[in-house]
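**Q**
Residue numbers (UniProt numbering), protein chains in the order written: chain A, 1 to 498; chain B, 1 to 498.
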């Protein structure tokens, strides 16, 4: 007879009821056939006495086992472990050491080489270079959280809590039509707007709908690496063309078009990622005309439209497109804070319809409450006020950062002061390598990050992108100081070596 | 000379500054070559007088045109439209009728036949059948919005506003480990948890990593259609096996395994979607043993674990899996409200790592503030309290719905009272068709919905799934009444026809 008294343990402090604790333990013994098929379980009164619990606990447990199909009840005979239950082949799992147990994958799956290999773990006291991120401390979080709560306490809020449109919240779509037509010179209606979770979802959806095996997508010979990876994930063929001080060289795109059918061109026309240059008016018109002639899509990722320090923003390609060639992608994440995953994809109704269907299979729908929050934030003018406020601050930071970098390290680093955005494109003196800087900088608690990603085309340009917007004045001094110390040590190394 | 005075209009009520209004209009004329290349623009003083604006407005406008590259400034000569600017080939766009302008797609893209064709538009006064959705009116929205605001006003909140982990918020992952180990009998650590935007994202990620062209995935011969579509989108080959009153028939899966290599089995083991049956203990063990022997993945979609009326929830397959064969998918959306897009994918670290990387390309990351909100909601016990509260209500609704349906229409509809979930599986008398009911029901302001989706395998079972949880008592009476009126009319039709 199975020794229930010694085999069953109750945790009376647990939130799990006793009958479930008992039931789970009995199942464990049935699974490993310690309680073999056909074993008769003790009567409820007997077991209750043995285990010192109420008889109702045993009855509830047996009911549960019966419902779950582990035991069967034979009238006038009793409760038996199911006769034909197979043995579960399990690895040994020591319950006392759950936290040490590692599940090994029991099946094969596709690993994708296009994804970056590692992410950098953050250590206290370190400073991290980034490629142009806003400063979270400037987020108007109080206003946004208050609006979120206000939106959530409206009488009609229940209509927004269930399954909603895969196009995004209707109010936000309407607000965005006005906002984008006014600020970006677009000519769109609601049917042209899909609300996304940020620019990346826009790139993903476009890539899925435009590219399959070996379809050609054209990008700059320096390019935003996440876009590259997204296209490569689709097994698209990437053709890289030159980027100079006027942006991507459209003459080279024309040459390509004459040779092969291209499906799409990906551009960050406002400030090229990573080099920060603006696509010239002449090339804009050229690119639009090419897209019309050769029927390709222009994926225009306008990730930093809002940040211009020397001039008004330049209207996107999409504002000149009446031929339906441009898929215009933008987000509020970059402008307000990355945590608020709201962006948009603007295109012909036909394309938006298909993208919206596909979106339903990624994450079903967006967050209607957050979308309503931002509809209100945009409509009230709060978004514009926020942009004006942080622009002043980022301009000061750009100027300070560039002045200090020039003064302290101008002999080693070459750069243009960017007209907009949150980053500068820095060329290192050819005597030195970012690989070495990256190593030495760690001593000074400075993390350069994945500098190799800026040269996926192996041009050996020796440049990286450095964001300046995240740091306040004090932090900018500190960062340049750490970089200076790093470079001083490297100079000494080099001098000693000679 | 170009007639600036008559060609330029200012809208002084617009929020757009005058210089930008001017700049945008001049660009329009340059683009269509009304202002041809090499045209000299008037001096700023002259144009200011003509247009009756301050000279500064003209200077700002010319600066803007210069920055954007539309004009060039030749010292001592003046400002000229760029000499070599190509003509932009545009369709005519009448500015006065922006809202009537339809963009036509100017490129080709892939349309996917796996997506459902249409969505049903809602009309006031209509009642809509659904396949088992919670009642939004029971959402503890005040508590959640209050928690969201509290989370957002914490001192350290800024650390959560920027780019975060693609695995999801760390606090929520930790809370979920405890919660799932306690409630579901899992044996997981944080490394096994990926926070998703709900079950659908879990299915999407699994499908992307497991299935490529012609890889085999096994599903029930009735199945959750969104899962089917997700697999078909990957060009996977779907093999359907019988589902009976004990769930998916694992003997049939074994037969398949002996014939071909299968990559995955998709199951809704707790309550099969759509038929609501529970997978028996014997088949659970059999399926786990098969997955171990034949190295396939079990995608266990536990979409309604929380809703059981007659017994304790049945532990998922994942609770018995120590071989790393189960990918366990669940969500909080179904339990609380679909608008809160938070779910989880549980698997081996290796698989979670890869899924997390891929997730970074869909939507970059989740909403850390909402994730923190739900970490607090779960940890405080509020989620469990909410579940207990709504379970009582849904049980009453199930009983009322089933009683009324039996009493009013028991001669036409056959069904079992479901032990859990939010829907019943209803078989229609073979004399009638859902197609006809769907048509007639509209007269009585009742929308049956896409009844065909329940029979994608063309079994002609004449069943559909009807959710009961969304409606309160009064609404249940009303709904059954409309269905009764519909059926009465159909019976009369049929009688007349004979």
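Where a beta carbon is used, it is the ideal one built from N, C-alpha and C, also for glycine.
Compare the C-beta of residue 325 of chain A with all C-beta atoms of chain B and state if any pair is closer than 7 Å.
**A** Yes, residue 325 of chain A counts as interfacial toward chain B.
**Q** With DSSP as the reference, please indicate the residues paired to residue 425 of chain A in a beta bridge.
**A** DSSP lists A:465 as partners of residue 425 of chain A.
**Q** Please list the terminal residues of the continuous alpha helix (DSSP H) segment that includes residue 220 of chain B.
**A** Run containing residue 220 of chain B: none in the alpha helix (DSSP H); it sits in the beta strand (DSSP E), 216-220.
**Q** Alpha carbon to alpha carbon, how far is residue 57 of chain B from residue 46 of chain B? Give it in angstroms, no decimals.
**A** Taking the straight line joining both Cα atoms gives about 12 Å.
**Q** Along the segment 273-293 of chain B, where does the CB come closer than 7 Å to a CB of chain A? Name the residues.
**A** For the segment 273-293 of chain B, which is checked against every Cβ of chain A, the residues closer than 7 Å are 280, 281, 282, 285, 286, 288, 289, 291 and 292.
**Q** Under 7 Å, Cβ to Cβ, is there at least one residue of chain A near residue 161 of chain B?
**A** Interface residue, yes.
**Q** Residue 376 of chain B versus chain A: which residues are under 8 Å apart at the beta carbon?
**A** In chain order: nothing, as chain A lies at least about 14 Å away.
**Q** Could you check which residue in B:12, B:21 and B:88 has the C-alpha nearest to that of residue 36 of chain B?
**A** With distances taken between Cα atoms, residue 36 of chain B lies closest to B:88.
**Q** Can you tell me whether residue 1 of chain B is buried or exposed, with buried defined as 16 or more other CB within 10 angstroms of its CB?
**A** Counting Cβ neighbours within 10 Å, residue 1 of chain B comes out exposed, since fewer than 16 surround it.
**Q** Under a three-way DSSP split, which group does residue 198 of chain A fall into?
**A** In this structure, residue 198 of chain A counts as coil in the three-state DSSP scheme.
**Q** What distance in whole Å lies between the Cβ atoms of residue 120 of chain A and residue 478 of chain A, which are believed to be in contact at a cut-off of 8 Å?
**A** Rounded, the Cβ-Cβ distance is 19 Å, inconsistent with contact.
**Q** Of all Cβ atoms in chain B, is any one closer than 7 Å to the Cβ of residue 297 of chain A?
**A** For residue 297 of chain A, the answer is yes, since a Cβ of chain B falls inside 7 Å of its Cβ.
**Q** Do residue 335 of chain A and residue 151 of chain A have their beta-carbon atoms positioned less than 7 Å apart in this structure?
**A** Cβ distance not < 7 Å, so residue 151 of chain A and residue 335 of chain A don't count as in contact.
**Q** Which residues mark the beginning and the end of the alpha helix (DSSP H) in which residue 177 of chain A is found?
**A** Its alpha helix (DSSP H) spans residues 170-184.
**Q** My understanding is that residue 68 of chain A touches residue 281 of chain B, with C-beta atoms under 8 Å, so please give their C-beta distance in whole angstroms.
**A** Between residue 281 of chain B and residue 68 of chain A the Cβ distance is about 5 Å, and since that is below 8 Å, they are a contact.
**Q** So what's residue 227 of chain B in DSSP terms, helix, strand or just coil?
**A** Helix, per DSSP.
**Q** Distance, Cα to Cα, residue 230 of chain A vs residue 8 of chain B?
**A** Between residue 230 of chain A and residue 8 of chain B, the C-alpha separation is close to 44 Å.
**Q** Would you grab the beta carbon distance between residue 326 of chain B and residue 266 of chain B for me? Rounded to a whole angstrom, and I think it's under 8 Å.
**A** Incorrect: roughly 12 Å between the Cβ atoms, too far for contact.
**Q** Leaving out the 5 sequence neighbours to the left and right, which residues in its chain are closer than 6 Å to residue 40 of chain A when beta-carbon positions are compared?
**A** For residue 40 of chain A, where only same-chain residues beyond five positions count, the Cβ hits under 6 Å are 78 and 80.
**Q** For chain A, find out if any of its Cβ atoms is closer than 7 Å to the Cβ of residue 227 of chain B; answer yes or no.
**A** Residue 227 of chain B does not count as touching chain A.
**Q** Buried or exposed for residue 331 of chain B, please, with buried defined as at least 16 other CB atoms from any protein chain shown within 10 angstroms of its CB.
**A** When all chains shown are included, residue 331 of chain B counts as buried.
**Q** Which residues of chain B have a Cβ atom closer than 7 Å to the Cβ of residue 89 of chain A, listed in chain order?
**A** By Cβ distance, chain B contributes 289 and 292.
**Q** Excluding the 5 residues preceding and the 5 following residue 360 of chain A in the sequence, name in chain order all residues of the same chain whose CB lies nearer than 6 Å to its CB.
**A** Cβ neighbours of residue 360 of chain A beyond the five flanking positions: 166.
**Q** How long is the line joining the alpha carbons of residue 293 of chain A and residue 184 of chain A, rounded to whole angstroms?
**A** Approximately 25 Å, taken between the alpha carbons.
**Q** Starting from residue 317 of chain B, trace the alpha helix (DSSP H) in both directions and tell me its first and last residue.
**A** Careful: residue 317 of chain B lies outside any alpha helix (DSSP H) and carries neither H nor E.
**Q** Which full runs of the beta strand (DSSP E) of 3+ residues lie inside the segment 247-293 of chain A, going along the chain?
**A** Fully enclosed beta strand (DSSP E) runs of 3 or longer: 264-267.
**Q** Roughly how many angstroms separate the alpha carbons of residue 33 of chain B and residue 254 of chain A, rounded to a whole number?
**A** Computed Cα separation, rounded: 22 Å.
**Q** Any idea which residues DSSP pairs residue 17 of chain B with across the strands?
**A** In the DSSP output, where bridge partners are listed per residue, residue 17 of chain B has none listed.
**Q** What separation, rounded to the nearest whole angstrom, lies between the Cα atoms of residue 164 of chain A and residue 457 of chain B?
**A** Looking at the two C-alpha atoms, the distance is approximately 28 Å.
**Q** Note down the Cα distance separating residue 376 of chain A from residue 221 of chain A, rounded to an integer number of angstroms.
**A** Their Cα atoms are separated by approximately 40 Å.
**Q** Identify whether residue 245 of chain A lies in helix, strand or coil by the three-state DSSP scheme.
**A** Coil, per DSSP.
**Q** Taking the alpha-carbon of residue 279 of chain A as reference, which of A:208, A:349 and A:242 has the nearest alpha-carbon?
**A** Answer by Cα proximity: A:242.
**Q** Taking only the alpha-carbon atoms, compute the straight-line gap between residue 169 of chain B and residue 371 of chain B and give it to the nearest angstrom.
**A** Cα to Cα, the separation comes out at about 6 Å.
**Q** Note the first and the last residue of the continuous beta strand (DSSP E) segment covering residue 85 of chain A.
**A** Premise fails: residue 85 of chain A is in no beta strand (DSSP E) and is neither H nor E.
**Q** If I measure Cβ to Cβ from residue 252 of chain A and keep anything under 8 Å in the same chain, skipping five residues before and after, which residues do I get?
**A** Answer for residue 252 of chain A: 241 and 242, listed in chain order.
**Q** Contact between the segment 188-195 of chain B and the segment 19-34 of chain A is defined here as three or more beta-carbon pairs at a separation below 8 Å; is this criterion met?
**A** Cβ pair count under 8 Å is below three, so no.
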